[in-house]
Each structure stands twice: as C-alpha cells, then as structure tokens.
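Trainee: Take a look at this one; I'll ask things after.
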Amino acid sequence: MRWQAYHTPQSVDEALSLLSQYAGGAQIVAGGTDLILDMQQGNHSALQALIDVTTIRDLDQIREDNGWIVIGAAATHAAIEASPLIRHHGAALAESCSVVGGPQVRNVATIGGNVAHALPAADGTIGLLALNAEVQVCTWNGAAVECTWQPLLSIFVGPGKNRLAANQMIGAFRFPVRALRSGSAFDRIMRPQGVALPILGVAAQVTLDESGRRAVAASIAVGPAGPIPFRATESETILLGAPTLDETALERAIDAAQRQAELRTSKHRASKEYRHEMIAVLLRRVLPKAVARAQAA
Ligand SMILES: Cc1cc2nc3c(=O)[nH]c(=O)nc-3n(C[C@H](O)[C@H](O)[C@H](O)COP(=O)(O)OP(=O)(O)OC[C@H]3O[C@@H](n4cnc5c(N)ncnc54)[C@H](O)[C@@H]3O)c2cc1C
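Take 13 as the starting number for the sequence shown in the numbering used here and just add one per residue.
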C-alpha cells in the first residue's frame, strides 16, 4: 500500500491541521498527475496519508479582487485556460496552461501542483512568473491558519524541491490586473512525442508608454534555464533602456538572455546548445506577440 489513509478536508484549516498531525508522514495531493505517478514509479516513498485539497471549498476559484487576479491553488489548467478573466489579464498564463499534457491531464492537474512540484520548466509556473505573480502560503500555527503573500520565486529551492514546511500549503496565486498598454504571451518547444516537460518555454509581459513604442515594464520568464524557474533580468533591463522596442532591442535582449541562462543538456529532451538557440527562436515569437497585444490593448 502506497498510503494508509486518504483525507478529503473541506477547508484549509482542516487540511493543514491534518497535515501537521502527521508531522511529515502525510502529503497534499491535488490532481495527482505528478505525485501519484511518482509513487507508482517508485520515485516517492510510501506515505501514512494523502490529503486531497481539491475537496476544499472555493480553492479552485478564479476571481478579480481589488486590482489582482486571484487563482485558487486547486484551479485546474483547463479552468485557467478557459477563464475569460485570465485570457484578458494574463494571456501568457492561459497559453501556458493550455499546453500542459493532454485534455485528461489538464482537467485534473492544478496550478498549485504545477508550482509545488518545483520544476524549473513547468509551463504554468513560467506563465505565472512572467506576470509577476505572488503565491499565498498558508501556515498552521497550532490553533489556526495564517496566510501571507510572497513573491512566486521565494518558494523554490531547486529542481523538485520547494520551501514549504510540513505545516504549510499553497492557498492561491495572484497577479496584478492588466495595466493600460500591457500584453503578455507564452510559447514553448516540445519534442513531438514529448510528455510532461518542454525542451524550453518562454513567457513575457510588456507595458508600453503612451507612444506605444517604449517599454515602461518588462518581464521575461524562461524554463528550464537554471535550478529554479528563471527571470531573464538582464534582457528586461535592456528592453526598459531601449528608446524603442525594435529589432535591435530584441536582438540585444536575446543575447542577454542567452548569456544569463544556465542551460544544461538533458538526456531525454535536448542539448544545452540546442536550448541556447531555442531561447532566440522563442523570444522572437513571444516578445513581438506581447508587444502587439500591448499596442492593441
Ligand atoms: C501525461 C502527463 C503530461 C504532463 N504534461 C505536462 C506539461 O506539458 N507541462 C507541465 O508543466 N507539466 C506537465 N505534467 C505534469 C503535471 O501534470 C503538472 O505539473 C500538474 O500541474 C501537477 O498538478 P497536480 O494537481 O496533478 O499535482 P499533484 O500531483 O497532486 O501534486 C504535485 C506536488 O504538489 C504538491 N501540492 C499540490 N497542491 C498543493 C498545494 N495547494 N499546496 C502545497 N503543495 C501542493 C503535492 O504534495 C505534490 O508534491 C504532465 C503530467 C503527465 C502525467
């Protein structure tokens, strides 16, 4: 038996008090598309209990709240892809969730599981990162739950490892509503028969000034390009300093991303050199698309 007990809590309080009682012997499960497969394949030790967070009321909600788009941790990739709010305010996220697995996977796999699994190439994570998303970490203090918002990158430690303790879970994510003259986009390169993770994924968001040519904000997320999801900060600085977002600025941003990215060769996906070239291919697709969306907004 890979687990002894399976709990279906109705609230975050109940889920976290259960999790704490097992003191490391239990784990949260959402869609199970990473965790259960890992257990079946022997890559994860047996557990005393699984705590299913998809039964928690409203944990799958997507809503606008006071200048933010808030996405419950148990929202599925299918729900995010179909959400008019997310398509409007965070196209990069809708696009990144729309390519995760196939329809069966997207119907059950959650954005919380995608982030908590902590892989640097996870598609939904890369989409969230380009939107400057924050993560809500909920902690059981022995009597009640306290939730705080923190930058998305703060919960990553390394490949497959997050910073959540045995009394913590992700409650939600949020990103700012789309600013005036702002647009975002995502694209990835996948092996034709590829399953699970891409060779490379890139998401970008830009906000333009009144002329519609100069960037006043820019964010670029790339994965895998290091042990944790990667922000191409040097490219962002170049875009922000460019008098206009033309071909020269784009090529300089590509050079910077290629220099800053920590690429590696993976046996099942691609060589480091191929990934280096694909940074350019994807940025040439994604940045002009984000700029065009910003100009049309
Ligand atoms: C066939 C197939 C294709 C796939 N294709 C892709 C792909 O193209 N792109 C991609 O990025 N991924 C892909 N995946 C991986 C996977 O589907 C995603 O990472 C998915 O989002 C995981 O979500 P889940 O709800 O299934 O997570 P689960 O498997 O339930 O959980 C994963 C991890 O997150 C933890 N967790 C879950 N929810 C929370 C929470 N709220 N708080 C704290 N910890 C939590 C669990 O304890 C576990 O450690 C694929 C998987 C399969 C099986």
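All C-beta atoms in this analysis are idealised placements derived from N, C-alpha and C, irrespective of residue type, glycine included.
Values in this document were obtained by computation on a predicted structure and should not be read as measured data.
Sort ILE48, LEU62 and THR67 by Cα distance to GLY36 and report the nearest one.
Mentor: The residue with the shortest Cα to Cα distance from GLY36 is LEU62.
Trainee: Grab me the residues of ARG311's own chain with a C-beta within less than 8 Å of its C-beta, minus the 5 sequence neighbours each way, in chain order.
Mentor: Residue 311 is absent from the model: the chain starts at 13 and stops at 309.
Trainee: Are the beta-carbon atoms of LEU141 and ALA216 separated by less than 8 Å?
Mentor: Going by C-beta atoms, LEU141 is not nearer than 8 Å to ALA216.
Trainee: In the structure shown, what three-state DSSP assignment does LEU131 receive?
Mentor: Three-state DSSP puts LEU131 in coil, outside helix and strand.
Trainee: Whole angstroms is fine: what's the gap from ALA178's alpha carbon to ILE40's?
Mentor: So the two alpha carbons sit approximately 10 Å from each other.
Trainee: Taking all protein chains shown into account, do 16 or more other C-beta atoms lie within 10 angstroms of the C-beta of LEU164, making it buried, or fewer, making it exposed?
Mentor: So LEU164 ends up on the buried side.
Trainee: Would you mind listing the alpha helix (DSSP H) stretches within the stretch 248 to 275 that are 4+ residues and don't spill past its ends, in chain order?
Mentor: With a minimum length of 4 residues, the continuous alpha helix (DSSP H) runs that stay inside the stretch 248 to 275 are 259 to 272.
Trainee: How close, in whole Å, do the beta carbons of SER103 and GLY172 come, if the pair is a contact with beta carbons under 8 Å?
Mentor: It is worth fixing the name first, because residue 103 is Ala in this sequence and not Ser. At roughly 28 Å, the Cβ-Cβ gap does not stay under 8 Å, so ALA103 and GLY172 are not in contact.
Trainee: Excluding the five sequence neighbours on either side, which residues of its own chain have a C-beta within less than 7 Å of the C-beta of PRO239, listed in chain order?
Mentor: Taken in chain order, the residues that qualify are PRO132, GLY170 and PRO171.
Trainee: Which residues does DSSP pair with SER231 in a beta bridge?
Mentor: GLN217, per the DSSP bridge assignment.
Trainee: Which residue comes first and which comes last in the alpha helix (DSSP H) that contains ASP46?
Mentor: It is not in any alpha helix (DSSP H) - ASP46 carries neither H nor E in the DSSP assignment.
Trainee: Out of curiosity, what's the CA-to-CA distance linking HIS288 and VAL218?
Mentor: Going from the Cα of HIS288 to the Cα of VAL218 covers about 23 Å.
Trainee: In the DSSP output, what is ASP64 paired with across the bridge?
Mentor: According to DSSP, which records beta bridges pairwise, ASP64 is partnered with VAL41.
Trainee: How many Å lie between LEU262 and ALA302 at the Cα?
Mentor: So the two alpha carbons sit approximately 12 Å from each other.
Trainee: In terms of alpha-carbon separation, which member of ILE291, ASP72 and ARG276 lies closest to GLN270?
Mentor: Out of ILE291, ASP72 and ARG276, ILE291 has the C-alpha closest to the C-alpha of GLN270.
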